[in-house]
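In what follows, a single structure is set out as structure tokens and then discussed.
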Amino acid sequence: MAVMQQMELLCQDPDSFFGYPGYKNPKLEATLDLLASISHRGEEAILFATRRSAQHLLAQATAKKFGSSIMKGLINGETKDRTGPMRSFRKADGFALLILPPRAAGTGLTLIEGNHVIHYGRWWNPAVEDQATSRAHRIGQTRLVHVHLPILSPPKEEQLWSIEERLDAFIESKRVRADTLLTLSSGLNLSPDGFLLQALAEIGPQEVLT
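Residue numbering for the sequence shown follows my numbering, starting at 7 and increasing by one per position.
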């Protein structure tokens with residue numbers, strides 16, 4: 007797990023991984039290009055980053071490229087007042103950006119002003135990621151919400167999977183399994199007595215007696 011986390015850090019923030027600045031960061035460059043296309047439409051983006059170093063990196067890079075006025079706030083464990091950044095984001099006229107970790111997007115947080123959700127870093131639990139995405143999918147949202155997953159991939163000729171591609175496949179497999187279990191359980195009586203009776207009914211009396 008520690009090796010996987012270090013590989014994730016290398017993808018998201020190579021300067022922090024190596025301990026000094028100057029390294030090329032293709033994931034950051036792709037994210038900035040994506041934000042540039044969003045800015046041309048005059049729309050708002052919510053950017054989720056799992057690592058604190060990546061959150062600060064994104065805040066600095068976006069402010070440098072687009073100007074500090076578009077950065078409406080960075081919300082994480084260091085933030086003392088969350089209402090200020092959220093109020094600023096909600097009042098924005100045109101392109102605006104709010105950065106926060108997926109875990110900060112708890113129940114009750116509504117950010118329907120953003121119609122672009124970018125997961126710069128992925129969370130291992132798809133339920134956490136889906137809850138973060140749903141902050142823009144709330145009552146009152148009138149626009150189509152776009153979800154973006156900037157994923158690093160090696161050159162096709164190498165025929166290899168990057169750590170981010172493997173993580174994406176892992177998250178999607180967990181999401182499919184969770185959806186399947188939810189579908190199956192919807193027709194079950196999950197009380198102890200009901201579950202037992204249904205199991206016995208499916209086995210059949212002959213098998214119970216043998």
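Where a beta carbon is used, it is the ideal one built from N, C-alpha and C, also for glycine. These figures come from a predicted structure and were not determined experimentally.
| Check | Outcome |
| --- | --- |
| At what residues does the beta strand (DSSP E) containing Pro-154 begin and finish? | According to the sequence shown, residue 154 is His rather than Pro. Counting along the chain, the beta strand (DSSP E) containing His-154 begins and ends at 152-154. |
| For Asp-174, which option in Ala-8, Val-9 and Glu-14 has the closest C-alpha, if you only look at C-alpha atoms? | Glu-14 |
| Helix, strand or coil for Ile-105 per DSSP? | strand |
| Could you tell me if Leu-206 is buried or exposed, where buried requires 16 or more neighbouring beta carbons within 10 angstroms of its beta carbon? | Low confidence applies here, because Leu-206 scores a pLDDT of 39, under 50, leaving its location unreliable and the question unanswered by this model. |
| Once the 5 residues before and after Ala-29 are set aside, which same chain residues still bring their CB inside 6 Å of it? | It should be noted that the sequence gives Tyr, not Ala, for residue 29. Result list for Tyr-29: Pro-20 and Asp-21, in chain order. |
| Bridge partners of Phe-72, per DSSP? | Answer by DSSP bridge pairing: none, since Phe-72 is not bridged. |
| Give me the residue from Ile-52, Phe-23, Arg-47 and Cys-17 with the minimum Cα distance to Glu-35. | Cys-17 |
| Helix, strand or coil for Gly-120, going by three-state DSSP, please let me know. | coil |
| In three-state DSSP terms, what is Asp-199? | Only weak support exists for where Asp-199 lies, its pLDDT of 47 falling under 50; the value from the coordinates is given anyway. Helix at Asp-199. |
| Taking the DSSP output, what are the residues bridged to Ile-52? | Leu-104 and Val-123 |
| Could you spell out where the alpha helix (DSSP H) holding Lys-33 opens and where it closes? | 32-47 |
| Taking Glu-84 as the reference, give the member of Ala-98, Ser-59 and Gln-66 with the closest Cα. | Ser-59 |
| Thinking just about the alpha-carbon of each residue, which of His-122, Trp-167 and Glu-135 is nearest to the one in Gln-147? | His-122 |
| May I have the straight-line CA-CA distance separating Glu-50 from Arg-181, to the nearest angstrom? | 27 Å |
| Whose CA, out of Trp-130, Gly-120 and Arg-141, lies closest to the CA of Arg-47? | Gly-120 |
| Using only the alpha-carbon positions, how far apart do Leu-158 and Thr-186 sit? | 29 Å |
| Could you tell me which of Ser-75, Leu-115 and Gln-11 sits nearest to Asp-99, measuring between CA atoms? | Ser-75 |
| Tell me whether Arg-57 is buried or exposed, calling it buried when 16 or more other Cβ atoms sit within 10 Å of its Cβ. | buried |
| Is there contact between the segment 92-111 and the segment 128-135, where contact requires at least three CB pairs shorter than 8 Å? | yes |
| Beta-carbon within less than 7 Å of Lys-33's beta-carbon, same chain only, minus the 5 sequence neighbours each way: which residues are those? | Cys-17, Gln-18, Pro-156 and Leu-158 |
| Measure the Cβ-Cβ separation of Thr-220 and Leu-103 and say whether it is below 7 Å. | Here the chain comprises residues numbered 7 to 216, so residue 220 is not present and cannot be evaluated. |
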